[in-house]
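J.: First the structure, then my questions, so here it is.
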Amino acid sequence: MLTVNLNTTPPWGSGSARAIIDALGGADSVMAVGGCVRDWLSDYPVKDIDFATKHFPKKCFQILKDKGFNVKPISIEHGTIAVFINNSAFEITSLRKDIFTDGRHASVKFGGDWTEDANRRDFTLNALYADEQGTIYDPLGKGFRDLEDHKLCFIGDPRKRIEEDYLRILRYFRFLSRFSENIDDKSLELCILKAKNITRLSGERVFSELSKILSNKNAEYVFKVLQKHDLLKYLFTQQKIYNLYFKAQLLKSFFKYISKKHILKNKFMVFISFLFNDEVENISKEIIDSISERFHFSSSDKKILLRNLEWIKNKNKISSLDIKTIWLDYGREEIEDLKLILKILSFDKYEVLRCSLENKPPSFPCSGEDAKKAGFTEGNEIGVVLKIIRQWWLENDCTPSHEDCMAQLQKYFKAMKQKGEVT
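In structure tokens:
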């Protein structure tokens, strides 16, 4: 085992994380592992701190519970529990080894040592452990060097690692966005070869990994690789989904304008929408239903996808009048989504409509009470006539006053009365 002492206090060397380490007996029994160690060594922000422990799951749970921690068995069959402190969650997984895998799930056996635990992990740079003093433990003797060299390598035989869990293909491409300077050709070739097995994974797992890829700074590079090897179709299970392609300029625009302020679900939804850009005229209800089922979209999510596709399809027809209607009917959130899609599609088109997109129109000045004053009675006719008058108001750039709208209502009532359509 390679050991490196950095003489620097790590993020888990104090505070809540340190309290958990002390409760479980220190470095002899528990160490930080995986992403938190990798990111700390790479000077990346450490978001989540995970631990590996020699304690078996039930014992680990009981020790922490007895010491007053808020602990939950989130996946105890795989040896993982979580401690919740304030707004932070710390996952703790017992040392284990996989005894059966089928590409999606694993049966595990608890126990063993740090080396056995490291051997079951995916990449060498994710098999690094660290104690509360900041000493790094590299049981396989490869991870620390690969991290220094920015080289993404599977542990052991890449084919075996991939076939244990096909999600590792997407994880490979996620980390490739960070470690693309020194590519291991064999790993990349096998990920491309085995990519069709992504269709076997659950939509939730694919969504989770894809969302993380979309949030990476170098995501554009990853999607260029996925496109080059025609792998995007494997994100779906529907066999009729093909010809998925981002043109170079569209891909560039997508990553230029998609920003952190867009929540993951919306970012993913916009990505899916543009993925079908070239096929938007032909996309069928069957395919929309298949995508929605694959990723467990809610009825609201499905409506957003359909709305995005409609905007993309009719991008040259969207007018200032359409935008004012969206402002009044749906509000700022929908306008922000439309702004994003127009910027990605054509910044020139966005510039033409910028004034309408940036300036909310005034509220429509008439109500049902005004319609009654004009002579209309309760019922559907009030809703219908208000819709007609509002459209007239919108077509006149929202400038007619309340008095103007009332005059129009009265004029409309008089015309309908002459036709015998109202009494």
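Going by the working numbering, the first residue of the sequence shown is number 5, and it counts up by one from there. Backbone N, C-alpha and C define an ideal beta-carbon position, used for all residues, glycine too.
#1: Should residue 57 be labelled buried (16 or more other beta-carbon atoms within 10 Å of its own) or exposed?
#2: Rounded C-beta distance between residue 80 and residue 86? I'm assuming under 8 Å.
#3: So residue 65 and residue 75 are supposed to be a Cβ contact under 8 Å. How far apart are they, rounded?
#4: To the nearest whole angstrom, what separates the beta carbons of residue 257 and residue 348, a pair I think is in contact under 8 Å?
#5: Find out if the Cβ-Cβ distance for the pair residue 198, residue 173 is shorter than 9 Å.
#6: Which one or two residues does DSSP pair with residue 71 in a beta bridge?
#7: In or out: residue 4 buried (at least 16 other Cβ within 10 Å) or exposed?
#8: Out of curiosity, what's the CA-to-CA distance linking residue 224 and residue 189?
#9: Express the C-alpha separation of residue 337 and residue 374 in angstroms, rounding to a whole number.
#10: Would you please state the rounded distance, in angstroms, between the beta carbons of residue 128 and residue 146? I believe it to be under 8 Å.
#11: Between residue 332 and the ligand FMN, is there a pair consisting of the residue's CB and a ligand heavy atom that are separated by less than 8 Å?
#12: Keeping to the same chain, check which residues put their C-beta closer than 6 Å to that of residue 251; ignore five residues upstream and five downstream.
#13: Quick check on this structure: which residue in 321, 318, 386, 401 has the alpha carbon closest to the alpha carbon of residue 359?
#14: How many Å lie between residue 153 and residue 84 at the Cα?
#15: Going by beta carbon distance, what residues of the same chain come within less than 7 Å of residue 287, once the five residues before and after it are set aside?
#16: Report the residue from 23, 409, 275 whose alpha carbon sits nearest the alpha carbon of residue 391.
#17: Nearest-angstrom Cα distance between residue 47 and residue 16?
#18: For the beta strand (DSSP E) that contains residue 139, what are its first and last residues?
#19: Assuming residue 196 contacts residue 233 (C-beta within less than 8 Å), just tell me the rounded distance between them.
#20: Per DSSP, residue 57 forms a beta bridge with which residues?
#21: First and last residue of the alpha helix (DSSP H) that includes residue 329?
#22: Along the beta strand (DSSP E) that carries residue 89, what are the first and last residues, could you check?
#23: On the CB-based measure, 16 or more other CB atoms within 10 Å of its CB, does residue 35 come out buried or exposed?
#24: Ignore the nearest five residues each way along the sequence and tell me which others in residue 354's own chain have a CB closer than 6 Å to its CB.
#25: Please classify residue 273 as buried or exposed, where buried requires at least 16 other C-beta atoms within 10 Å of its C-beta.
#26: Where DSSP assigns a beta bridge to residue 8, which residues make up the other side?
#27: Report the option in 103, 416, 277, 282 whose CA atom is closest to the CA atom of residue 82.
#28: Given a cut-off of 9 Å, decide if residue 21 and residue 94 are closer than it, judged by their beta-carbon atoms.
#29: Kindly list the residues whose CB is nearer than 7 Å to the CB of residue 207, restricted to its own chain and excluding five residues on each side of it in sequence; keep chain order.
#30: Just the Cα atoms here: how many angstroms apart are residue 307 and residue 412?
#31: Could you say which of 231, 177, 193, 155 lies nearest to residue 222 if we only look at CA atoms?
#32: Can you tell me whether DSSP reads residue 364 as helix, strand or coil?
#33: With DSSP as the reference, please indicate the residues paired to residue 127 in a beta bridge.
T.: Result, derived from the coordinates:
#1: buried
#2: Incorrect: roughly 10 Å between the Cβ atoms, too far for contact.
#3: 6 Å
#4: 5 Å
#5: Contact: yes.
#6: Per DSSP, none; premise fails for residue 71.
#7: For the chain, the structure presents residues 5 to 427; residue 4 sits outside this window and is missing.
#8: 20 Å
#9: 29 Å
#10: 4 Å
#11: Among the ligands in the structure shown, none appear at all, so the ligand FMN cannot be discussed.
#12: none
#13: 401
#14: 31 Å
#15: Result list for residue 287: 280, 313, in chain order.
#16: Considering only alpha carbons, the answer is 409.
#17: Computed Cα separation, rounded: 15 Å.
#18: Start and end: 139-142.
#19: 5 Å
#20: 34, 98
#21: 324-334
#22: 84-89
#23: buried
#24: Excluding the 5 residues flanking it on each side, residue 354 has same chain C-beta neighbours closer than 6 Å at 346, 347, in chain order.
#25: So residue 273 ends up on the buried side.
#26: 140
#27: 103
#28: yes
#29: 298, 299, 300
#30: Straight-line measurement puts the Cα of residue 412 at about 35 Å from the Cα of residue 307.
#31: 177
#32: coil
#33: 158
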